[in-house]
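Using UniProt numbering, the first residue of the sequence shown is number 1, and each one after it goes up by one. Even for Gly, the Cβ is constructed at its ideal location relative to N, Cα and C. Heads up: the structure comes next, in structure tokens.
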Amino acid sequence: MQADPANRCGAVVIYDRVLGILPFDGDYINSFSIPLSEIDHRLENIVDMVFLDGYYEPTLLFLYEPHQTTAGRASVRYDTMHLLGVSVNVFDEQVAVVWQVGSLPMDCNRLLPIPKPLGGVLVIGSNEDLKHLSMTLDAGPAEWIGNNHVALGTMDGKLFILTLVTDSSETVRSLDLEFAFDTSIAYCMNLCSPGRLFIGSRLGDSQLLEFSIEKEEQKEEAPPEPKKSRVEEAIKPDEEDLELYGEQIIEQVDLKHLSMTLDAGPAEWIGNNHVALGTMDGKLFILTLVTDSSETVRSLDLEYAFEEEAPPEPKKSRVEEAIKPDEEDLELYGEQIIEQVATVEAKVKEKLIFRELDRLTNIGPIKSITAGGAHGISPILLEQERVDPIFDIVAASGHTVNGSICVLQRTVRPDIITSSFLQDAQQLWAVGRREDDSHKYLIVSRTRSSLILELGEDMVELEEPLFLSDEPTVAAGELADGGLAVQVTSLRVALVAEEKQLQQIDLDSNFPVVAASIVDPYVALLTQNGRLMLFHLVLNPTVHLQEIDISNTPFTEKTIHHRAPLTALSIYRDMSGIMVCARDADDIGFVAGRLGKKSSARRSVVDSVDLDLYGEDALPTTTTTVDEDDLLYGDTAGEKRGDGIRKRKRMAEISSVATGCEESDAIDPNTVEPTYWLILARDSGKVVIHSLPDMSVVYQFLKFGLMPELVTDLMPEEEEKDRKEQEARAEQFENSSMQFRPNERVVELQIVGMGINQGHPTLMAVIDDQVIAYEVYKWRNPLREHLAVGFRRLSMTVTIRSTPFMGQDGRRAEVEVGREIEQHRVIIHPFERVCGIMNGVMLSGAYPCLVLVGAWGGLQCHPLTIDGPLSAFTPFNNQNVPNGFLYIAKNLQELRIARLQTDYDYELPFPCKKVPVGATVHYVRYMMSSQVYAVTTSVPTKSNKIWVVVNDDKQVETHEKNENFVLPSIPQYSLNLYSPVDWKPVPNTDIKFEEMEVVTACEEVTLRSESTISGMQPYLAVGTINNYGEEVLVRGRIILAEIIDVVPEPGKPTSKHKIKVVYDKEQKGPVTALAAINGLLLSGMAQKGARGGKPIRPLINATNTKNMVDGELVEQFMHLSTSRKQDLARSLGASRYHIMDDLVQIQRLSTFY
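Here it is in structure tokens:
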């Protein structure tokens, strides 16, 4: 699929036979298709297709191969690629061939369109013009990054910059290729914005690079001293002559020093201060009169006309050497046409500087995976008794330079700093900030009181009565950017700052406060009877909280749903710019009214034809112009002018960005003006969003307790229908508050700004002992003054109850989370920062989870069940624990001070630590007895050797090539032990394999041994294949080694392990698989299988028509009972005696296991 640079249409090739055209502009233009054979009968085998820039009509360029060839036939048929340009008329639904080029090299594989003013296309091949660099561009991506630069990626993770050197007429004269940066092995590239390049990789991490142009001034070399003539060098004047006549005596040339005379020799003035002199021996000399600025002769220079070498011509630049001007141009313009060349060796040289901004971690492709022991866990967590074991999942991923070992965890494992017993603790809040942004106080809510702790080096109970300690705390938070601390209890509100209590508010309510939301500068309270109280912070003349009168606001308007009390509330501070009312949605910017984004005067839209005709004069000036039609007819004038007009001219976007990084489409968070919204939920399931502080109704929806998949604003006709239904239901129940089911009650409801700059608003709710999430997206709301957003339910659902939903009697169990059962504990805990995670959510309860925005843009949920249920959570920042967190382990009633492991990435589906290896990792196996990992790797090595058979003997032929020859790369295998302590190779434990030897199996096997009490000994088994080519018989090798413990070297604690090889012998065939069965070694050797004991000798030889590919699979099948084997064979439609005869059956078995 390709799109026209002017956004006029798109094109797609269907089934390699039909070209489909999809017009973009115009309401009455239909898409159409045309067979490729009707365009040109040879147009088939299309390799690439692009749109060209700068053409009046959309123009497609095809790279195709009408007569295919192969590498084996390259000597006979090599130039098989062709180019075909096609102009597309989207209005008449016609295409026309405009030009074509043939006889291009067979390895051309990609087209890169070059935008104006250069225009054209860059054809990229695998080997073209790159042999002098000893590299290839096979399968390498390319991207135009502006300023005549093209980014090229290679298969070894190198980023090159191809510079198109042009002259003053914007004609490409030469190409310059330079290495720029080391990246992952690139699969694709994309210029996201000027100065920012995205590198997409399938074999490594994807990267976002920033580049800028650095200018270097080249120092000019000092001009060489003028060379003396041979006469001046030969003359040695007398000291008396120098004293009498001065240095002018040197000008009287003495011809004796030249061993010649001018007897009877003619002389002639030939101009330009030159005199021709003849000698008797038929030689011609030139006498030069050297003068000064006053035309006074200062010296004479005599030289033989043909002896002195002609002065060398001035060195031409690479561009001038590459220029081959047309004869007609030389005839019309003369040699001055060559002078119109951009100087390559300029005084100021430009160089692109790259740096990495961000990367997306990639754990694929996975070549091998194993389960290993858990390491780096806090001792407090290891001491607990648990049913499920804790282990790591270790995977071998990547390729060549992107090869790595990925350590995956099933759950979040917090690094616990300290722990202490804290009885009857219900909830936690860390409030108040110091100058270093650390917290001052910790408020712990208990059943009937509150505990106030002062935070510092230690946690000490606060003696001053700053906060309210005689009542349980409902909520606590911060105002004024952490300068003020707010505590909300059942009946009062306290405001604390600078170690003194500024205000204490006694609430005018007979019912206690059951829920509160504190978002600077607002405080919202909800009482047990469903009453709402709202406060906002006032700074002048004194700092205090002032209650907002909501009696005359739309909130107090009586509706049928006012019979149902409020059950949940929250305040949302929007920083994403998505929460925009519908009056702004119809504007041009849709969000520009609130983002405050400055319009750039350097970017404008002009007609491309005018630009070609008038140049930069066509660009609009920076002064603001007013359209007369807009003044006369308003905003509709522009709409009327656009109706019925077919826009066929290309609209070009002009940008003056040259060096990169000056402009970006990213939103500056400092320019976003925050808005505040109050979300209320009633017992009937109705949710209403109010704007603050005017309390206007801007959004509402019904039956949220049913957890719908899609939520949009309530339309007037739907509201009237709901009113009638509620009135009919109210007549059936005397107490209207009992007509709603507890499992449909909205217990908690919050909109949380998640991700970077809080750019992902997410609605989270607690309903029926579950936490559900909705994504907020832009939606065209037909209701004016209402939010132009919608809510789409996400797949994340977290169960927070500790017992099954179904009781023992087979009925639905009662809801555990609810205020009617006990005092409700907050489940949804938003935080601004915890370690390296920005703007996430921690879910407490029976199954706690960490929720954050993943690297792929969606929500990522990681369980934190390693410490059991959590009853409370709060972020905690301290000089000893920067950006950590506190939580209460419910089962043990202990307060934990913890932080996340800093070397793990939590934006992936599993917490992952990626260990770079720099080589292709083929196998990784965990040695349980020694607690180390055996890792088999390979690195590509250039090879100029060929193995042949001479008289039944294997011999090596070495072919010497020049340094620029591209030699084939042969993988060189090796094996190392890795310690999970530091994830580095254990010193002196590597095993190097021979050239052309491929490791095909690496397993930990348990074999029979007489050296142990149990009679079994774990070994490391390695199987290889020696693949020397077609002429040499393929053999294999089996290596058995044991991991022994030795005295570690000083300063190297991981060097306590060594590899002791106990068996190393060549086999009669290639070894394809290894496994252990009942203390015996099962080895697959091509079409034979064998079992052996120690010493290794074949006990059973089983001839098979297929190669054994998975020893563990065979081992598991052989350990099954006879009845289980019969059941498995019957389900696969095969006999259990012949189930391993077919490779297809083996693949089916792998799916079963």
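Legend entry - Length-filtered (3 minimum) beta strand (DSSP E) runs lying within the region 362-389: 366-373
Inset, instruction - With DSSP as the reference, label residue 729 as helix, strand or coil. - result: Counted from its first residue, the sequence shown places residue 729 at position 729. Residue 729: helix per DSSP, three-state reduction.
Legend entry - Reduced DSSP category for residue 403 - H, G, I as helix; E, B as strand; rest coil: Reading the sequence shown from its first residue, position 403 is the one you call residue 403. Coil at residue 403, not helix or strand.
Inset, instruction - Just the C-alpha distance for residue 524 and residue 535, rounded to the nearest angstrom, thanks. - result: In the sequence shown, counting from the first residue as 1, residue 524 sits at position 524. In the sequence shown, counting from the first residue as 1, residue 535 sits at position 535. If I take the Cα positions, the gap works out to 6 Å.
Legend entry - Separation of residue 38 from residue 17, as counted between CA atoms: Here the question's residue 17 lines up with position 17 in the sequence shown. Here the question's residue 38 lines up with position 38 in the sequence shown. Taking the straight line from one Cα to the other gives about 10 Å.
Legend entry - CA nearest to the CA of residue 466, picked from 457, 480, 493, 31: Residue 466 sits at position 466 when you count from the first residue of the sequence shown. It is 493.
Legend entry - For residue 706, three-class secondary structure by DSSP: On the sequence shown, position 706 is the one that residue 706 refers to. Three-state DSSP puts residue 706 in a helix.
Legend entry - Residues of its chain near residue 674, where Cβ-Cβ distance is below 8 Å and the 5 sequence neighbours each way are ignored: Counting from 1 along the sequence shown, the entry for residue 674 is found at position 674. Only 573, 574, 575 meet the Cβ criterion.
Legend entry - Residue span of the alpha helix (DSSP H) that contains residue 583, given as start and end: In the sequence shown, counting from the first residue as 1, residue 583 sits at position 583. Taken as a continuous stretch (DSSP letters only), the alpha helix (DSSP H) holding residue 583 covers 582-585.
Legend entry - Cβ pair residue 35, residue 60 closer than 9 Å: Working through the sequence shown from its first residue, we reach residue 35 at position 35. Working through the sequence shown from its first residue, we reach residue 60 at position 60. No, Cβ-Cβ distance for residue 35 and residue 60 is not below 9 Å.
Inset, instruction - Give the straight-line distance between the Cα atoms of residue 150 and residue 992, rounded to the nearest whole angstrom. - result: Mapped onto the sequence shown, residue 150 falls at position 150. Mapped onto the sequence shown, residue 992 falls at position 992. If I take the Cα positions, the gap works out to 41 Å.
Inset, instruction - Could you pull out every residue in the same chain whose Cβ sits closer than 6 Å to the Cβ of residue 87, ignoring the five residues on either side in sequence? - result: Position 87 of the sequence shown, counted from the first residue, corresponds to residue 87. The answer, listed in chain order, is 57, 59, 96, 98.
Inset, instruction - Quick one: residues in its chain with C-beta nearer than 8 Å to the C-beta of residue 1053, no 5 flanking neighbours on either side, listed in chain order? - result: Residue mapping note: residue 1053 aligns to position 1053 of the sequence shown, counting from 1. So the list reads 981, once near-sequence residues are dropped.
Legend entry - Inter-stretch contact (C-beta, 8 Å, three-pair minimum) for the region 464-483 and the region 399-412: no
Legend entry - Residue environment, residue 192, which counts as buried when at least 16 other CB atoms sit within 10 Å: Start at 1 with the first residue of the sequence shown, and residue 192 comes out as number 192. Result: exposed.
Inset, instruction - Look up residue 790 in the DSSP assignment and give the residues it is bridged to. - result: Translated into positions along the sequence shown, residue 790 becomes position 790. Answer is 777, bridged to residue 790.
Legend entry - Rounded C-alpha distance that separates residue 11 from residue 21: The residue labelled residue 11 in the question sits at position 11 within the sequence shown. The residue labelled residue 21 in the question sits at position 21 within the sequence shown. About 5 Å.
Inset, instruction - Would you tell me roughly how many angstroms separate the C-alpha atoms of residue 1067 and residue 933, rounded to the nearest one? - result: Walking along the sequence shown from the start, residue 1067 turns up at place 1067. Walking along the sequence shown from the start, residue 933 turns up at place 933. Those two C-alpha atoms are separated by around 26 Å.
Inset, instruction - Take the Cβ of residue 997 as the centre, count every other Cβ of all protein chains shown within 10 Å, and call the residue buried at 16 or more, exposed below. - result: Start at 1 with the first residue of the sequence shown, and residue 997 comes out as number 997. Answer is buried; the Cβ neighbour count reaches 16.
Legend entry - Distance, residue 767 Cα to residue 530 Cα: Taking the sequence shown and counting its residues from 1, one reaches residue 530 at position 530. Taking the sequence shown and counting its residues from 1, one reaches residue 767 at position 767. Distance between the alpha carbons of residue 530 and residue 767: 18 Å.
Legend entry - Inter-stretch contact (C-beta, 8 Å, three-pair minimum) for the region 434-451 and the region 921-932: no
Inset, instruction - Leaving out five residues on either side along the sequence, give the residues of the same chain with a beta carbon under 7 Å from the beta carbon of residue 1034. - result: Within the sequence shown, numbered from 1, the residue matching residue 1034 stands at position 1034. The residues are 1025, 1026, 1027, 1070.
Legend entry - Continuous beta strand (DSSP E) assignments of at least 3 residues falling wholly in the region 470-543: 473-479, 484-489, 492-497, 500-506, 513-519, 522-527, 532-538
Inset, instruction - Taking only the alpha-carbon atoms, compute the straight-line gap between residue 364 and residue 756 and give it to the nearest angstrom. - result: By one-based count along the sequence shown, residue 364 stands at place 364. By one-based count along the sequence shown, residue 756 stands at place 756. Cα to Cα, residue 364 sits roughly 25 Å from residue 756.
Legend entry - Inter-stretch contact at 8 Å, needing at least 3 Cβ pairs: the region 391-402 / the region 904-924: yes
Inset, instruction - Determine contact between the region 353-370 and the region 118-125, defined as no fewer than three beta-carbon pairs at a distance below 8 Å. - result: no
Inset, instruction - Output the distance between the C-alpha atoms of residue 763 and residue 110, rounded to the nearest integer angstrom. - result: Residue numbering aside, residue 763 sits at position 763 when the sequence shown is read from its first letter. Residue numbering aside, residue 110 sits at position 110 when the sequence shown is read from its first letter. Distance between the alpha carbons of residue 763 and residue 110 is about 45 Å.
Inset, instruction - If I'm right that residue 117 touches residue 144 with Cβ under 8 Å, what's the distance once you round it to whole angstroms? - result: Looking up residue 117 in the sequence shown gives position 117. Looking up residue 144 in the sequence shown gives position 144. Residue 117 to residue 144, Cβ: 13 Å. No contact.
Inset, instruction - Report the option in 830, 715, 831 whose CA atom is closest to the CA atom of residue 780. - result: Along the sequence shown, one-based indexing puts residue 780 at 780. If we check each option's Cα against that of residue 780, 715 comes out closest.
Inset, instruction - Give the single residue among 581, 563, 486 whose Cα lies nearest to the Cα of residue 783. - result: Position 783 of the sequence shown, counted from the first residue, corresponds to residue 783. Closest option to residue 783, Cα to Cα, is 581.
Legend entry - Beta-carbon proximity of residue 754 to residue 853, cut-off 9 Å: The residue labelled residue 754 in the question sits at position 754 within the sequence shown. The residue labelled residue 853 in the question sits at position 853 within the sequence shown. Their beta carbons are under 9 Å apart, which means residue 754 touches residue 853 by this criterion.
Inset, instruction - May I ask which residues mark the beginning and end of the alpha helix (DSSP H) holding residue 892? - result: Position 892 of the sequence shown holds residue 892. Taken as a continuous stretch (DSSP letters only), residue 892 belongs to no alpha helix (DSSP H), as it is neither H nor E.
Inset, instruction - Look at the Cβ atom of residue 520, then the Cβ atom of residue 457, and state whether they are nearer than 9 Å. - result: Here residue 520 refers to the residue found at position 520 when the sequence shown is read from its first residue. Here residue 457 refers to the residue found at position 457 when the sequence shown is read from its first residue. Not closer than 9 Å, so no.
Inset, instruction - Kindly indicate which three-state DSSP category residue 36 falls into: helix, strand or coil? - result: Your numbering for residue 36 matches position 36 in the sequence shown. Helix at residue 36.
Inset, instruction - Determine the DSSP secondary structure at residue 446, reduced to helix, strand or coil. - result: Within the sequence shown, numbered from 1, the residue matching residue 446 stands at position 446. Residue 446: coil per DSSP, three-state reduction.
Inset, instruction - With DSSP collapsed to three states, give me the class of residue 804. - result: The sequence position of residue 804 within the sequence shown is 804, counting from 1. In this structure, residue 804 counts as coil in the three-state DSSP scheme.
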